[in-house]
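Let me begin by presenting the structure, written as structure tokens, before commenting on it.
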Amino acid sequence: MNFPERFSNLPAYAFPRLRALLDHHTPGGDVVHMTIGEPKHVFPAWVTDVVSKNAAGFNSYPPNEGTPELRKAFCDWVARRYDVTLDPETNVLPLNGSREGLYNVAMALCPEQKGGRQPVVLMPNPFYQVYMLAATSVGAEPVFVNATAASGHLPDYTGLSVDVLDRTVACYICSPANPQGAVADHTYWSDLIALAEKHDFQIFADECYSEIYRDVPPVGVMQAARDAGADPERVVAFHSLSKRSNLPGLRSGFVAGGPDSIARMRQLRMYTGAPLPLPLQAAATAVWADEAHVEENRALYREKYDLADRILGNVAGYKSPEAGFFLWLPVEDGEAAALSLWQATGVRVLPGAYLSQDDAAGVNPGKGYIRVALVAPKPDVERGLTAIRDHLYGVQ
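Position 200, counted from 1, in the sequence shown is what UniProt numbering calls 200; the numbers after and before it change by one each time, with no gaps.
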């Protein structure tokens, strides 16, 4: 199968679809952007000082595997956050943002066949679209598992048939979940690890929202794998500074996993990766080492959680997120709601169907939702949520 055939059936990406839906209509008020998850809180002011101090590094090619200091910063952070010990030489690899790794992990680790048959890659539905593209790129069958209110907004992979599980080579899981804000607890992770051990597949854990939560830090897959005594190669975890530190433009992420997994990803990255420039690696090293700004950032999101609860608490079906910075709000039809809201108020939200695929019954589990990002300044968030409540729900 050549490239055009393999990718000919991919759905349009969410944001071009949103522009096609909204942009030829006039907004009904001052625009409030609540679609894309691009953090808008202030990042640490000293970051630019670190970049400036190390600016001479722009004159050198950066190392593909990252500086020793940066790899140590990753491992130190994992030790503080999860009480898990990693080797900076063999267990971590820097990424140019976590999306690079979430795509390349399939290229590096997914076999072409399993048991002589086409491999399967599992993913939640709704999902981050790079998961589907990664599976398609390696010739695997993407299997979408609905993450609905009935399943706690996390996919129940244990309910799949033995035939599908025996063909599975990997599963993607996002916790805290985008878009629903659900968190995988220790039991969920333990059950998933046991399933992966039984059917011999890897877990690709997208944990880039792990530092935005209310009170209790979400359990990480590395903690659960340690407690279960799992094969070190069983789990591969992805983290980023984009949400944690409001630095999406710095492009500092990392992947952690077993030595063989990391070695294979490192080898692929030698050919395909885009290493972070040395001044930015120096800045990232300092940012991964600092928690004060993360606590300040988390406090701002807590205020927005409280704001959402106050404004939307009487809306039928409203569920306050456990973590992350999205609301997953029930509506009759997400596209119709997004268009109506835009035309009447100027508030811009994302139809949930744009993040989902039709299931076996032809039902899109995101169709009856809109995703609302809480990243704008608090006054804008308040105005946007009030408009959503008044226009879409008509409750006080």
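We put the beta carbon where it would ideally sit given N, CA and C, even for glycine.
Since the structure is predicted, the reported quantities are computational estimates derived from the model, not experimental observations.
Thinking just about the alpha-carbon of each residue, which of H239, P259, R383 and Q357 is nearest to the one in N125?
Minimum Cα distance to N125 is reached at Q357.
CB of V162 within 8 Å of CB of D380, strictly
no
Quick one: using the 10 Å Cβ neighbour count with 16 as the cut-off for buried, is Q118 buried or exposed?
For Q118, the number of other beta carbons within 10 angstroms of its own is below 16, and it is reported as exposed.
Is the separation between the beta-carbon of G352 and that of R371 shorter than 8 Å?
yes
Tell me whether the beta-carbon of V120 lies closer than 8 Å to the beta-carbon of T158.
no
Cβ atoms of E322 and P176: under 8 Å apart, would you say?
yes
In three-state DSSP terms, what is M222?
helix
Determine whether the beta carbon atoms of N246 and F43 lie at a separation below 8 Å.
yes
Between G313 and G181, how many whole angstroms is the CB-CB distance? I'm expecting something under 8 Å.
About 15 Å separates the two Cβ atoms, so there is no contact after all.
Among all the DSSP beta bridges, which residues are the ones paired with P142?
V121
Count the CB pairs spanning the region 103-110 and the region 260-269 that are closer than 8 Å, and state whether there are at least three.
yes
Please list, in chain order, all residues of the same chain as R302 whose beta carbon is under 8 Å from its beta carbon, the five residues on each side excluded.
R214
Looking only at C-alpha atoms, which of R269, G317 and D290 sits nearest to residue 421?
As shown, the chain starts at 1 and ends at 396. That puts residue 421 outside it, with no answer to give.
With 16 as the cutoff for other CB atoms within 10 Å, does E65 come out buried or exposed?
buried
Inter-residue Cα distance where the pair is R19 and G115:
43 Å
With DSSP collapsed to three states, give me the class of residue 401.
The chain is shown from 1 up to 396; residue 401 falls before or after that span and cannot be answered.
Cα-Cα separation between Q113 and D166, rounded to whole angstroms:
11 Å
Spatial neighbours of D30 within its chain, please: C-beta separation below 7 Å, excluding the five flanking residues on both sides.
G346
For H199, name the three-state secondary structure that DSSP assigns.
In the three-state scheme derived from DSSP, where H, G and I count as helix and E and B as strand, H199 is classed as helix.
When you compare each of D231, G101 and L329 to K198 by their alpha carbons, which one comes out closest?
D231
F58 to S52, Cα distance in whole Å?
10 Å
Check each candidate in D200, C171 and D206 and name the one with the smallest Cα separation from S242.
D206
Pop quiz: S190 and A228 are said to be a contact at Cβ under 8 Å. What is the actual Cβ separation, rounded to whole angstroms?
6 Å
So is R6 buried or exposed if we call it buried at 16+ other beta carbons inside 10 Å?
exposed
Tell me which residues share the same chain as T90 and place their Cβ nearer than 7 Å to its Cβ, disregarding the 5 neighbours each side in the sequence.
The residues are P259 and I262.
Please return the same chain residues whose Cβ sits closer than 7 Å to the Cβ of V315, not counting the five positions on each side in sequence.
R389, Y393 and V395
Comparing C-alpha positions only, which one of M34, Y188, C171 and P16 sits nearest to G220?
Taking G220 as reference, the option from M34, Y188, C171 and P16 with the minimal CA-CA separation is Y188.
Determine the direct distance from the alpha carbon of D333 to that of L22, and round the result to whole angstroms.
15 Å
Simplified DSSP state of C110, which is helix, strand or coil:
In this structure, DSSP gives C110 a state outside helix and strand, which the three-state scheme calls coil.
In three-state DSSP terms, what is P377?
In the structure shown, the three-state DSSP call for P377 is coil.
Taking only the alpha-carbon atoms, compute the straight-line gap between H239 and T26 and give it to the nearest angstrom.
38 Å
Residue nearest to N146 in terms of C-alpha spacing, selected from V138, A134 and Y172
The candidate whose alpha carbon is nearest that of N146 is Y172.
For the alpha helix (DSSP H) that L21 lies in, which residues bound it at each end?
A14 to L22
What are the boundary residues of the alpha helix (DSSP H) that I173 is part of?
No alpha helix (DSSP H) holds I173; the beta strand (DSSP E) holding it covers T168 to C174.
Using DSSP with H/G/I as helix, E/B as strand and the rest coil, what is W328?
strand
Does DSSP put L276 in a helix, in a strand, or in coil?
coil
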